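These notes are about the structure you will find just below.
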Amino acid sequence: MVAKNLLSGFTFFFLIISAAVQAVHAHGRQCSELLVSGKNPVPDSAITASSTWAVNVDTKHIPQRSRIDLGLDAVGNGGWSANFNDDKQWLQFDLGFSRKITGVITKGRQGYGTDQSRWQYVTAYRLQYGNATDDMSVYSDHDHEPEVFDGNWNPVTPQVQLLDPPINARYIRINPVKWHNHVSMRADLLGCPLTDTNKATIIG
Ligand SMILES: *[C@@H]1O[C@H](CO)[C@@H](O)[C@H](O)[C@H]1NC(C)=O
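Heads up: the sequence shown is residues -26 to -1, 1 to 178, going by mature numbering (1 follows the signal peptide of the UniProt record, and there is no 0).
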């Protein structure tokens, strides 16, 4: 039963990812590597956050727990949890150098099975980006208002948001603005090097 649910979860994940990749290809783009925890993952030190729940007690909720596919392990459940449930919290990825970022994938905090009353996930978020952490911009829509992206509706289903236009930056912050129970999440970014040979067709 567990194995079957796990399998269908993974199958669903890959369906979602391949749908996103197809959408990216449909626009003439091939810029959809997993930048945080893919083939060339960023180090744990590159994942930081505004605050962490119970950080002086244990490491169960630290930002490094936010890697997209992290599940139950010796430390605990998968997911970063903020210390405060307000709209000032952020989860930051330092990609090491500036990259082209074409999408954001989010999931909720792993755990609590079917007990929906305890599920934790972010239902809406904004994005900040920049090449220096003291000079971050808010990703805005065509009316120059901060764009609010739809997040998750359960802990396990990945939600993919494609960025049009893409972001060129080293640092990305996911800034939750609405949540279910607690500001808790897992996440990754889709993108490619700025020097990608597809660059000419990506900009548009
Ligand atoms: C960050 O640096 C890259 C490379 O110089 C540049 O293309 C990009 O526009 C910069 N991003 C921001 C937000 O300044």
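Glycine residues also receive a C-beta, built at the ideal position from the N, C-alpha and C atoms.
Since we're looking at a predicted model, the values are computed, not measured.
Proximity to I148 [Cα-Cα], best of Y86, T80, D32:
Walking along the sequence shown from the start, residue 148 turns up at place 174. The residue with the shortest Cα to Cα distance from I148 is T80.
Residue range of the beta strand (DSSP E) that W153 falls in?
Mapped onto the sequence shown, residue 153 falls at position 179. Element bounds for W153: 133 to 154.
Leaving aside the five residues before and after K152 along the sequence, list all residues of the same chain whose C-beta is less than 6 Å from its C-beta, in chain order.
What you label residue 152 is simply residue 178 of the sequence shown in a count that begins at 1. Around K152: T97, A98.
L8 bridges to which residues according to DSSP?
Along the sequence shown, read from residue 1 onward, the residue named residue 8 stands at position 34. The partner list for L8 (beta bridge, DSSP) reads L164.
Would you please state the rounded distance, in angstroms, between the beta carbons of F58 and I21? I believe it to be under 8 Å.
The residue given as residue 58 occupies position 84 in the sequence shown. The residue given as residue 21 occupies position 47 in the sequence shown. 19 Å between Cβ atoms; not a contact.
Excluding the 5 residues preceding and the 5 following P167 in the sequence, name in chain order all residues of the same chain whose CB lies nearer than 8 Å to its CB.
Taking the first residue of the sequence shown as position 1, residue 167 is located at position 193. For P167, where only same-chain residues beyond five positions count, the Cβ hits under 8 Å are R73, K74.
Determine the direct distance from the alpha carbon of S114 to that of S158, and round the result to whole angstroms.
Counted from its first residue, the sequence shown places residue 158 at position 184. Counted from its first residue, the sequence shown places residue 114 at position 140. So the alpha carbons of these two residues sit roughly 23 Å apart.
Alpha-carbon to alpha-carbon, P129 and D89
For the purposes of this step, residue 89 is taken as residue 115 along the sequence shown, with counting starting at 1. For the purposes of this step, residue 129 is taken as residue 155 along the sequence shown, with counting starting at 1. For D89 and P129, the distance between alpha carbons rounds to 11 Å.
Considering only C-alpha positions, which residue in the set G125, H156, N142 is nearest to L9?
Here residue 9 corresponds to residue number 35 of the sequence shown, with the count starting at 1. For L9, the nearest C-alpha among the options comes from N142.
Taking C-alpha atoms, which residue in G45, G53, P15 lies nearest to residue 179?
Outside the modelled stretch of the chain, which goes from -26 to 178, sits residue 179, for which no answer is possible.
Start and end of the beta strand (DSSP E) containing residue 194?
Past the boundaries of the shown model lies residue 194; the chain is included only from -26 to 178, so the question cannot be answered.
F58 lies in the beta strand (DSSP E); which residues open and close that run?
The residue you call residue 58 lines up with position 84 of the sequence shown. Careful: F58 lies outside any beta strand (DSSP E) and carries neither H nor E.
First and last residue of the beta strand (DSSP E) that includes G77?
Working through the sequence shown from its first residue, we reach residue 77 at position 103. G77 -> beta strand (DSSP E) spans 65 to 81.
Give a single yes or no on whether L168 has its beta carbon closer than 7 Å to a heavy atom of ligand 1.
Taking the first residue of the sequence shown as position 1, residue 168 is located at position 194. Yes.
My guess is that V78 and A161 are in contact by the Cβ rule of under 8 Å, so how many angstroms apart are they, rounded?
The sequence position of residue 78 within the sequence shown is 104, counting from 1. The sequence position of residue 161 within the sequence shown is 187, counting from 1. That belief holds up - the Cβ atoms of V78 and A161 are roughly 7 Å apart, short of 8 Å.
Cutting at 8 Å between CB atoms, please list the residues of its own chain near Q84, excluding the five before and the five after it.
Your numbering for residue 84 matches position 110 in the sequence shown. Here the set comprises L44, G45, L46, N51, G52, G53, P129, V130, R160.
Reducing DSSP to helix, strand and coil, say where P37 ends up.
Locating residue 37 in the sequence shown gives position 63, where the first residue counts as 1. Helix at P37.
With respect to 7 Å, is the separation between the Cβ of G104 and the closest non-hydrogen atom of ligand 1 below this value?
For the purposes of this step, residue 104 is taken as the residue at position 130 of the sequence shown. True, at least one ligand heavy atom lies under 7 Å from that Cβ.
Would you say N142 touches ligand 1, meaning its beta carbon is less than 7 Å from a heavy atom?
Counted from its first residue, the sequence shown places residue 142 at position 168. Indeed, a heavy atom of ligand 1 lies less than 7 Å from the Cβ.
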